[in-house]
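Novice: full-length UniProt numbering numbers the first residue of the sequence shown as 1 and each following residue consecutively.
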Amino acid sequence: MSTPPTPPTDWPGPTTTGVPSGTVLVPSGPLNLRTDGQDVSGLDIIGSVNVYAKNVVLRSSRITCTGPGFAIRTFDSATGLLIEDVEINGDGETDAAVGHADYTLRRVNIHDVINGLSLGTRTTVVDSWIHDLAQADGAHNDCLQTSGADDIVVRHNRLDAYQATTGSPMNSCLSIQATADQTVRSLLFEDNYCNGGNYTISLRPDLAAVNLVFRRNTFGRDYRYGVIARPNLPGITWGKSNVWFDTGEPVVT
């Protein structure tokens, strides 16, 4: 496998994601957010963030999570979480940056986690960068994972599953592991740059899916087997607007 080309500035990267330049951060320990509408900003958080309230905003902050589990986790009472201009560093040990449902990410820089995001119901990820996943024994490293969820939007992100320093493609940029009792419905995946993975888009053979749309995405070639596993499964729409980064030609499945 070759070293992937550097994506142009059309996609998110180090200068357009994470804590805005010039932001002064105040040291903080782990947080348990229980107040509806709480606005948290400008923190350098060591540890995890647990969200129990509605319409919480976490912005312009850095989270360094030094253990297993999630760097940010929403619990059942939490809806409408907004994570904006945040850096999440998993320190090579954190299972995933964010889980599970009812959240929106904007301009977030995620790295050194075993997996990027757990996409539950009503999740949106835009203008964000997931890269440098942390290899761990027995792990299936994915930038994004989902099963049993509705209403997911993944738009204009840079998903770098390929680990250039080791030559490992990792497992996938997006893994959809939905079975008959965990159907994924209404997933829109558009305008993303994706590179790496055994399959860049991983779909299980017994996938249960309704209205999963892939369009206008751009793909690198640092995968092991292919861009998408089983693109003709029921419920999958794969548009001709999905193209190769190096040629601009359609990815033929």
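Even for Gly, the Cβ is constructed at its ideal location relative to N, Cα and C.
It should be emphasised that the depicted structure is a prediction, and the values quoted were computed from it without experimental measurement.
1. What does a CB cutoff of less than 6 Å around LEU133 pick up in its chain, not counting 5 residues either side in sequence?
2. Which residue comes first and which comes last in the beta strand (DSSP E) that contains GLY116?
3. Buried or exposed: where does ILE152 fall if 16 or more other Cβ atoms within 10 Å of its Cβ makes it buried?
4. Rounded to the nearest angstrom, what separates LEU31 and GLY47 at their Cα positions?
5. Let's see if you can read the secondary structure: which residues bound the beta strand (DSSP E) around ASN171?
6. Taking only runs that begin and end inside the stretch 37-123, name each unbroken beta strand (DSSP E) of 3 or more residues, in chain order.
7. Hey, how far is the Cα of PRO241 from the Cα of ARG230?
8. For VAL210, collect the residues of the same chain with a Cβ closer than 8 Å to its Cβ; drop the 5 residues on either side in sequence, then sort them by chain order.
9. Quick one: complete beta strand (DSSP E) runs, 3+ long, within the stretch 126-196?
10. Going straight from the alpha carbon of GLY148 to that of ARG158, what length do you get?
11. Which of helix, strand or coil does DSSP assign to VAL252?
12. If I follow the unbroken beta strand (DSSP E) through SER28, where does it start and stop?
13. Classify PHE245 as helix, strand or coil using the three-state DSSP reduction.
14. Give the straight-line distance between the Cα atoms of PRO14 and ASP160, rounded to the nearest whole angstrom.
15. Flag this pair as yes or no: are the beta carbons of TYR193 and PRO7 separated by less than 7 Å?
16. Can you check which of these residues, LEU81, TYR162, PHE214, is closest to LYS54 by C-alpha distance?
17. To which residues of the same chain is SER175 closer than 6 Å at the C-beta, ignoring the five residues directly before and after it?
18. Report all residues from its chain with a CB closer than 6 Å to the CB of THR66; omit the five preceding and five following residues, and keep chain order.
19. Quick one: Cα of ASP85 to Cα of ARG73, how far?
Specialist: Taking the geometry as given:
1. Position 133 of the sequence shown, counting from 1, holds the residue named residue 133. Hits under 6 Å: ASN141, MET170.
2. One-based indexing of the sequence shown puts residue 116 at position 116. Residues 115-118.
3. Here residue 152 is taken as the residue at index 152 of the sequence shown, counted from 1. Buried, by the Cβ-count rule.
4. Counting from one through the sequence shown, the residue named residue 31 turns up at place 31. Counting from one through the sequence shown, the residue named residue 47 turns up at place 47. One C-alpha to the other measures close to 8 Å.
5. On the sequence shown, position 171 is the one that residue 171 refers to. Looking at the DSSP string, ASN171 is not in any beta strand (DSSP E), and its letter there is neither H nor E.
6. 39-41, 43-46, 49-51, 57-64, 70-74, 81-89, 96-99, 103-106, 109-111, 115-118
7. One-based indexing of the sequence shown puts residue 241 at position 241. One-based indexing of the sequence shown puts residue 230 at position 230. Correcting the residue identity first, residue 241 is Ser in this sequence and not Pro. Their Cα atoms are separated by approximately 18 Å.
8. Mapped onto the sequence shown, residue 210 falls at position 210. Answer for VAL210: THR183, VAL184, ARG185, SER186, GLY235, listed in chain order.
9. Every beta strand (DSSP E) stretch that sits fully inside the stretch 126-196 and reaches 3 residues is listed by chain position as 129-131, 142-146, 150-155, 158-160, 172-176, 184-190, 193-195.
10. Within the sequence shown, numbered from 1, the residue matching residue 148 stands at position 148. Within the sequence shown, numbered from 1, the residue matching residue 158 stands at position 158. The straight-line gap from Cα to Cα measures roughly 24 Å.
11. In the sequence shown, the residue the question calls residue 252 occupies position 252. Correct three-state label for VAL252: coil.
12. Reading the sequence shown from its first residue, position 28 is the one you call residue 28. Its beta strand (DSSP E) spans residues 26-28.
13. If you number the sequence shown from 1, residue 245 lands on position 245. Reduced to three states, the DSSP call for PHE245 is coil.
14. Indexing the sequence shown from 1 puts residue 14 at position 14. Indexing the sequence shown from 1 puts residue 160 at position 160. Cα to Cα, PRO14 sits roughly 13 Å from ASP160.
15. For the purposes of this step, residue 193 is identified with residue 193 of the sequence shown, where counting begins at 1. For the purposes of this step, residue 7 is identified with residue 7 of the sequence shown, where counting begins at 1. Yes, the pair counts as a contact, with Cβ atoms nearer than the cut-off.
16. Sequence index remark: in the sequence shown, residue 54 carries index 54 (1-based). Among LEU81, TYR162, PHE214, the Cα nearest to that of LYS54 belongs to LEU81.
17. For the purposes of this step, residue 175 is taken as residue 175 along the sequence shown, with counting starting at 1. Closer than 6 Å at the Cβ level, and outside the excluded window around SER175, lie ASP142, GLN145, SER202.
18. To locate residue 66, count along the sequence shown from 1; it is residue 66. Only ASP91 meet the Cβ criterion.
19. The residue you call residue 85 lines up with position 85 of the sequence shown. The residue you call residue 73 lines up with position 73 of the sequence shown. If you take the alpha carbons of ASP85 and ARG73, they lie about 17 Å apart.
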